[in-house]
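Notes follow once the structure below has been shown.
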Amino acid sequence: MSCSDSTTGCADEGRRGFLQTAAAAAGVAMLASCSEEAREAFFQKHFKELNKEELAERLARLERTYTKQFGKPFKVGAEPAMEEVLFGYALDIARCIGCRRCVYACVDENNQSRDPQLHYIQVLEMDKAKGVDLAHADPYYEAEQVPREGHFYFPVACQQCENPPCVKVCPVQATWKEPDGIVAIDYDWCIGCRYCMAACPYGARKFNWGPPTLPADQANPDTHYLGNRPRQKGVVEKCTFCIQRVRKGQYPACVEVCPVGARKFGNLLDPDSEVRYVIDRKRVFILKEDLNTNPKFFYFYGV
């Protein structure tokens, strides 16, 4: 088996091959065909175990790799969680019109595969007469104009659970909950077993079955290690509340693009934040409350 020149791609193939091959000699032979940088990537520590110098070296290596791959300068940050911040999200069901602009703003911001196109956000069309009915919701609705009469819209993405079942089942601790509440993934540590996908009750995690297609002219070069940096084949990915934006004091891309202001975001620990205003004053509910996942994604009726 041979590996590509891409550091992340070679590390991806090597890690999976090594873990799935019973004979250690086969794994060593496979690594011998990789570049020096790829071998370093294969044996790298878990993200949470890196010291400042090791983290700086890894970020620099990724920046070189992505810059070469896409032909333009890439920045890979690793901004940590801010103190006394717990991010929360609120969505006004009464206001959402089902335009799906949030879906495609998310794709552009987070460097998701274009072909096949991978979506972190799924907008469900529901019948007003039935209310919130996930069993009969239509995620593939086609309409010349939205909102359609007699329907309402219910977007779903990662709920950033306070008690995330996906984290509990990961056999290599490639996913965890950050201090600011964001459930993160180390793509280089993920082995693609998809246990987390099976454990997630919201269908929020996505798997790259093939090499993600991301045209260079559409790539967003402003990235975060735990967020929107380009992913390799065979890993799980999902919404991170646009970690590369919110840890710099910006809104997630989907919040900014919403034409009707249905999406609210902020610090749950700040009583004066927009998201706390919604929680304290509106009719709020969470999805699948009975599962005790304690999402930090809230739905409400603004009117």
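Per the numbering used here, the very first residue in the sequence shown carries number 308; after that it's consecutive.
From the three backbone atoms N, C-alpha and C, an ideal C-beta is built for every residue, glycine too.
So, under 8 Å CB-CB, residue i and residue j are touching, yes? Tell me the CB distance rounded to an integer number of Å.
i, j, result
"T547", "I489", "6 Å"
"A397", "F592", "11 Å between Cβ atoms; not a contact."
"V439", "I428", "Their Cβ separation, rounded to whole angstroms, is 17 Å, which puts V439 and I428 out of contact at 8 Å."
"P478", "C500", "6 Å"
Rounded to the nearest angstrom, what separates residue i and residue j at their Cα positions?
i, j, result
"V414", "Y509", "19 Å"
"F605", "C403", "14 Å"
"L393", "Q467", "11 Å"
"L369", "R590", "45 Å"
"K545", "V585", "25 Å"
"L425", "E432", "19 Å"
"W516", "A505", "16 Å"
"Q539", "C565", "29 Å"
"E361", "D495", "15 Å"
"E386", "K359", "12 Å"
"A444", "D434", "8 Å"
"A412", "A560", "6 Å"
"K437", "P454", "16 Å"
"L598", "A481", "23 Å"
"P578", "Y447", "38 Å"
"F354", "Q557", "24 Å"
"V476", "E449", "36 Å"
"C406", "L594", "21 Å"
"K487", "P423", "According to the sequence shown, residue 487 is Asp rather than Lys. One C-alpha to the other measures close to 32 Å."
"Q452", "L441", "22 Å"
"Y460", "W483", "30 Å"
"T600", "C507", "10 Å"
Closer than 6 Å by C-beta to residue i: which residues in its own chain qualify, once you throw out the five before and the five after it? Chain order, please.
i, result
"H531", "G384, I550, Q551"
"V562", "R570, F572"
"S313", "Because the pLDDT at S313 is just 48, under 50, the model does not fix this residue reliably, and the value given afterwards should be weighed accordingly. Within the same chain, S313 has no close Cβ partners at all."
"R512", "C503, M504, V543, K545"
"C465", "A511, K545, C546"
"N574", "V392, S580"
"E596", "none"
Are residue i and residue j closer than 9 Å when you measure CB to CB?
i, j, result
"Q376", "A569", "no"
"C503", "V474", "yes"
"K603", "E390", "no"
"R305", "G395", "Within the shown structure, residues of the chain are numbered from 308 to 610, placing residue 305 beyond reach of any answer."
"F514", "G534", "no"
"Q351", "R371", "no"
"A388", "E485", "yes"
Near residue i, which residues of its chain fall below 7 Å by C-beta distance, leaving aside the five closest residues on each side in sequence?
i, result
"L521", "N418, S420, R421, P537"
"V610", "A401"
"A330", "Bear in mind that the predicted position of A330 carries a pLDDT of just 44, short of 50, making it too unreliable to give a figure here."
"H458", "E432, M433, D434, K435"
"V553", "F394, P559"
"P518", "K540"
"T374", "P380, F381"
With DSSP as the reference, please indicate the residues paired to residue i in a beta bridge.
i, result
"Q424", "R421"
"K513", "E544"
"W483", "A491"
"F461", "L431"
"N574", "F394"
"G384", "H531"
"R590", "Y608"
"D262", "This structure gives no information on residue 262, because the portion of the chain shown stretches from 308 to 610."
Could you name the residues of the same chain whose beta carbon sits closer than 8 Å to that of residue i, not counting the 5 residues immediately before and after it, in chain order?
i, result
"K379", "A523, A526, P528"
"K555", "E386"
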